[in-house]
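Take a look at the structure set out below.
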Amino acid sequence: MATVNTDKLSSARFAQATDTFVEIFTASVNFDQRMALQDIEGSLAHAKMLCKIDILNDEELADIINGLNIIIKEIEQGEFNWSIKQEDVHMNIEARLTALIGIAGKKLHTGRSRNDQVATDIRLYLRSEIDVINMQLTRLQHAILDLAEKHAETIMPGFTHLQVAQPITFGHHLMAWYEMLCRDKERLDDCYKRINIMPLGAAALAGTSYPIDRHMTAELLGFSRPSNNSLDSVSDRDFAIEFTAAGSLIMMHLSRFSEELILWASAQFNFIDIPDAFCTGSSIMPQKKNPDVPELVRGKAGRVSGHLISLLMLMKGQPLAYNKDNQEDKEPLFDTADTLINSLRAFADMIPHITAKKDNMYNAAKQGFATATDLADYLVRKGMAFRDAHEIVGLAVRLGVDTQRDLSELSLEELQHFSSQIDQDVFDILKLEGSVAARKHIGGTAPETVRKAIKSARSQF
Ligand code: ARG
Numbered sequence: 024m025a026t027v028n029t030d031k032l033s034s035a036r037f038a039q040a041t042d043t044f045v046e047i048f049t050a051s052v053n054f055d056q057r058m059a060l061q062d063i064e065g066s067l068a069h070a071k072m073l074c075k076i077d078i079l080n081d082e083e084l085a086d087i088i089n090g091l092n093i094i095i096k097e098i099e100q101g102e103f104n105w106s107i108k109q110e111d112v113h114m115n116i117e118a119r120l121t122a123l124i125g126i127a128g129k130k131l132h133t134g135r136s137r138n139d140q141v142a143t144d145i146r147l148y149l150r151s152e153i154d155v156i157n158m159q160l161t162r163l164q165h166a167i168l169d170l171a172e173k174h175a176e177t178i179m180p181g182f183t184h185l186q187v188a189q190p191i192t193f194g195h196h197l198m199a200w201y202e203m204l205c206r207d208k209e210r211l212d213d214c215y216k217r218i219n220i221m222p223l224g225a226a227a228l229a230g231t232s233y234p235i236d237r238h239m240t241a242e243l244l245g246f247s248r249p250s251n252n253s254l255d256s257v258s259d260r261d262f263a264i265e266f267t268a269a270g271s272l273i274m275m276h277l278s279r280f281s282e283e284l285i286l287w288a289s290a291q292f293n294f295i296d297i298p299d300a301f302c303t304g305s306s307i308m309p310q311k312k313n314p315d316v317p318e319l320v321r322g323k324a325g326r327v328s329g330h331l332i333s334l335l336m337l338m339k340g341q342p343l344a345y346n347k348d349n350q351e352d353k354e355p356l357f358d359t360a361d362t363l364i365n366s367l368r369a370f371a372d373m374i375p376h377i378t379a380k381k382d383n384m385y386n387a388a389k390q391g392f393a394t395a396t397d398l399a400d401y402l403v404r405k406g407m408a409f410r411d412a413h414e415i416v417g418l419a420v421r422l423g424v425d426t427q428r429d430l431s432e433l434s435l436e437e438l439q440h441f442s443s444q445i446d447q448d449v450f451d452i453l454k455l456e457g458s459v460a461a462r463k464h465i466g467g468t469a470p471e472t473v474r475k476a477i478k479s480a481r482s483q484f
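Each residue of the sequence shown is one higher than the last, beginning at 24 in the numbering used here.
Here's what the structure looks like:
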C-alpha cells in the first residue's frame with residue numbers, strides 16, 4: 024500500500040510528498056492571506072446556504088460560525104499560524120477551522136471549489152479597495168476645488184507645446200485636473216458593476232450536484248447577482264484587468280499632475296511653492312529642496328501600467344477554465360490598490376498646502392504675446408475675416424518681438440498702422456484680465472465661469 028502523505032492537500036491521491044522547493048514555489052499563502060477576511064465572509068455565506076438546503080444542520084452551522092469568528096480574532100491579533108504546507112489562504116483557514124471544531128469544518132467545502140472561492144474572494148477584496156480609492160479620490164477632488172476657488176481670478180499662462188499660448192486662470196487649470204478625476208471615478212464605478220457579480224457556485228468549473236441557492240449567497244454577500252456560466256465564472260479575470268486599466272488611467276493623471284507641479288516648483292518657472300513637509304533635501308547639495316512626492320507618484324505610475332500589461336499577458340493564452348496561472352493575478356492587483364491609495368492620499372494631503380506665486384504667474388503670462396488671439400478676435404468683431412486678422416496680428420507680433428514689447432505696450436498709432444479699425448478700446452482686450460474675462464462660455468477660463476464650474480462640481484457630492 025502506498026504511504027499516505029497526511030500534510031498534502033488531497034493527500035490520498037499522492038504517493039510522494041511534494042518536493043520542498045515546489046511546495047514553496049507553488050504556495051500563495053504569503054501574499055493571498057491578505058484576503059483572509061473576505062475568504063471568511065464568503066465561507067460564512069456558503070455555510071448558511073448549505074444549512075438552508077439541509078447539507079449542514081443547525082449545530083454544524085453554529086460550530087462553523089463560532090470557529091470562523093475565532094479565526095477572525097486570531098488573524099486580527101496576529102496569532103494565526105499561516106503555514107506554507109497548507110498552500111494558500113483558503114486551505115489554511117479550512118485546516119484551522121477543522122482543528123478548532125472537528126467534523127463540521129470538514130463539511131464546509133461541500134459544493135464549492137477553491138476555484139470559485141478564490142474568484143469570489145478577489146471580487147470581495149476589490150470591492151472594498153475601490154471604496155477606499157473612491158474616498159481618497161473624493162478627498163483630492165475637494166482639495167482641488169478649494170484651491171481653485173482661491174484662484175478663480177489668478178492669472179497664469181496657458182501652454183500648448185509648453186510654449187506660452189493664451190492667458191488662463193489658475194482656477195481653470197486646477198479644474199482641468201478635477202475633470203480628469205471625475206472620469207476616473209466613473210470608470211471605477213463602471214468596473215465595480217462587473218466586479219459585483221458572484222462566481223460562487225461554479226465550483227471547480229462545471230457547477231455542483233447539490234441543490235445550491237446561489238441567489239441566497241449572492242444576497243448575503245451583497246453581490247448584484249450570481250454569474251451566468253460556471254466555466255466563465257472561475258476563469259474570468261476581465262474585472263481585474265479593468266480595475267488595473269482604470270488604475271493606470273488614475274496614475275497617468277496623477278503623473279501628469281506631478282509633472283506640472285515639478286516644473287512649476289522649479290526656479291525657472293517659480294509658479295508655486297510645495298511645502299517642506301512634502302519635499303526632501305539632498306545629501307550633498309545643501310541648497311536643494313526636491314519635490315519628492317510628485318516625483319515618486321510620477322514614478323509609481325509606471326508600475327501600475329506594468330501590472331495592467333502583466334494581467335493581460337497572464338490571461339491571453341489560457342484555455343477554459345481555471346488554470347494555476349491565475350494565482351499570479353494577486354500581487355499585481357494588491358500592488359495596484361496599494362499604489363493608488365497611497366498616491367492619492369499623498370496628493371490629497373499635499374494639494375491644500377500648495378501656494379501660488381501669483382506675481383510670477385502673472386508676469387509669465389505677459390510674455391509670449393498671450394493675447395495675440397484676442398487681437399485677432401477683436402479685428403473679426405470689427406468685420407475682418409479671421410484669416411486676414413491672423414495675418415495682421417502676426418505682423419504686430421513681429422514688431423513686438425523686434426522691439427521687445429508686448430502687444431499691450433505698443434502705441435495706438437503703431438497698432439493702427441496695421442489696421443485702421445483699431446481704436447483705443449483695444450487695450451481692454453490686450454490686457455490679460457480682459458482676455459480671460461471674455462471667455463465666459465461653458466468650459467471657458469473666465470473667473471465667473473470658473474466659479475460656476477466649482478459651484479456645480481460641489482453640488483454633485
Ligand atoms: N491559490 C489559488 C489561486 O490563487 C487558489 C485556487 C487553486 N485552485 C486549484 N485548482 N489549484 O488561484
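The beta carbon of each residue, even a glycine, is placed where N, CA and C say it ideally should be.
Beta bridge counterpart(s) of residue i as assigned by DSSP
{"i": "ILE490", "result": "Any answer about residue 490 is impossible in this case: the structure gives the chain only from 24 up to 484."}
{"i": "ASN313", "result": "THR303"}
{"i": "GLN189", "result": "GLY181"}
{"i": "ALA379", "result": "ILE295"}
{"i": "THR248", "result": "This sequence places Arg at residue 248; Thr is not what is there. ARG248 is bridged to ILE220."}
Cβ-Cβ separation, residue j to residue i (assumed contact under 8 Å), whole Å
{"i": "GLN444", "j": "LEU435", "result": "Not a contact, Cβ separation roughly 12 Å."}
{"i": "LEU211", "j": "LEU170", "result": "Not a contact, Cβ separation roughly 23 Å."}
{"i": "LYS409", "j": "SER431", "result": "Residue identity check: residue 409 is Phe in the sequence provided, not Lys. No, PHE409 and SER431 are not in contact; Cβ-Cβ is about 21 Å, not under 8 Å."}
{"i": "ILE87", "j": "ALA70", "result": "5 Å"}
{"i": "GLY224", "j": "PRO249", "result": "6 Å"}
{"i": "ILE285", "j": "PRO317", "result": "5 Å"}
{"i": "LEU455", "j": "TYR385", "result": "7 Å"}
{"i": "HIS276", "j": "ASP207", "result": "6 Å"}
{"i": "THR192", "j": "VAL473", "result": "6 Å"}
{"i": "LYS15", "j": "ALA469", "result": "Any property of residue 15 remains undetermined from this structure, which presents the chain solely from 24 to 484."}
{"i": "VAL420", "j": "PHE392", "result": "5 Å"}
{"i": "LEU335", "j": "PRO355", "result": "10 Å between Cβ atoms; not a contact."}
{"i": "ILE156", "j": "LEU367", "result": "7 Å"}
{"i": "SER136", "j": "ALA50", "result": "The Cβ separation is near 18 Å, so there is no contact."}
{"i": "PHE262", "j": "CYS214", "result": "7 Å"}
{"i": "LEU168", "j": "ALA480", "result": "6 Å"}
{"i": "GLN61", "j": "TRP105", "result": "So it is not a contact: roughly 16 Å between Cβ atoms."}
{"i": "ILE63", "j": "LEU91", "result": "5 Å"}
Proximity test, Cβ basis, 9 Å: residue i and chain C
{"i": "ILE78", "result": "Reference to chain C is not applicable here, since this structure consists of a single protein chain."}
**contact_flag[the region 85 to 99, the region 176 to 184] where n(CB pairs < 8 Å) is 3 or more** = With a cut-off of 8 Å, the region 176 to 184 and the region 85 to 99 do not count as touching, because too few Cβ pairs lie within range.
**Message:** For the pair the region 123 to 134 and the region 181 to 196, tell me if three or more CB-CB distances fall below 8 Å.
**Reply:** By the Cβ rule, the region 123 to 134 does not count as touching the region 181 to 196, because fewer than three pairs are nearer than 8 Å.
**Message:** So within the region 24 to 79, which uninterrupted alpha helix (DSSP H) runs reach at least 4 residues, ignoring any that extend past its ends?
**Reply:** The region 24 to 79 contains, as complete alpha helix (DSSP H) runs of 4+ residues, the segments 43 to 49, 52 to 55 and 59 to 75 (chain order).
**Request:** Decide if the region 285 to 296 is in contact with the region 338 to 354; the criterion is three or more beta carbon pairs, one per stretch, under 8 Å apart.
**Result:** No, the region 285 to 296 is not in contact with the region 338 to 354.
**Asked** Quick check: the region 250 to 263 against the region 163 to 175, are there 3 or more CB pairs under 8 Å?
**Response** Taking one beta carbon from each stretch, the region 250 to 263 and the region 163 to 175 have fewer than 3 pairs nearer than 8 Å; the two do not touch.
**Every unbroken alpha helix (DSSP H) inside the region 317 to 369 [4 residues or more]** = If you keep only unbroken alpha helix (DSSP H) runs of at least 4 residues inside the region 317 to 369, you get nothing at all.
**Prompt:** Using 8 Å as the threshold, is the region 296 to 307 in touch with the region 368 to 386, meaning 3 or more CB pairs across them?
**Reply:** Under the 8 Å Cβ criterion, the region 296 to 307 counts as touching the region 368 to 386, having at least three qualifying pairs.
**Message:** Under 8 Å: do the region 452 to 471 and the region 139 to 153 share three or more Cβ pairs, one atom per stretch?
**Reply:** Short answer: they don't touch.
**Message:** Does the contact criterion of 3 or more C-beta pairs under 8 Å hold for the region 305 to 325 versus the region 333 to 341?
**Reply:** The answer is no - the region 333 to 341 does not touch the region 305 to 325, with fewer than three Cβ pairs under 8 Å.
**Asked** How do the region 128 to 136 and the region 154 to 163 stand: do at least 3 beta-carbon pairs fall below 8 Å, yes or no?
**Response** Contact fails between the region 128 to 136 and the region 154 to 163, because fewer than three Cβ pairs, one in each stretch, are under 8 Å apart.
**Item:** Cβ pair count under 8 Å reaching 3, the region 230 to 248 against the region 72 to 85
**Value:** Segments in contact, yes.
**Message:** Across the region 353 to 364 and the region 395 to 413, are there enough close Cβ pairs to call them in contact, namely three or more that are closer than 8 Å?
**Reply:** Judged by Cβ distances under 8 Å, the region 353 to 364 makes no contact with the region 395 to 413, as fewer than three pairs qualify.
**Prompt:** Three or more C-beta pairs closer than 8 Å, one from the region 202 to 213 and one from the region 266 to 285: is that the case here?
**Reply:** Yes, since at least three Cβ pairs between the region 202 to 213 and the region 266 to 285 fall closer than 8 Å, the two stretches touch.
**Item:** Sufficient close CB pairs (3 or more, under 8 Å) joining the region 131 to 141 to the region 105 to 118
**Value:** The region 131 to 141 vs the region 105 to 118: in contact.
**Length-filtered (4 minimum) alpha helix (DSSP H) runs lying within the region 80 to 161** = Segments of the alpha helix (DSSP H) lying fully in the region 80 to 161: 81 to 99, 112 to 124 and 126 to 130.
**Asked** Enumerated in chain order, which unbroken segments of the alpha helix (DSSP H) with a length of 4 residues or greater are wholly contained in the region 237 to 283?
**Response** Qualifying alpha helix (DSSP H) stretches, in chain order: 237 to 243 and 253 to 258.
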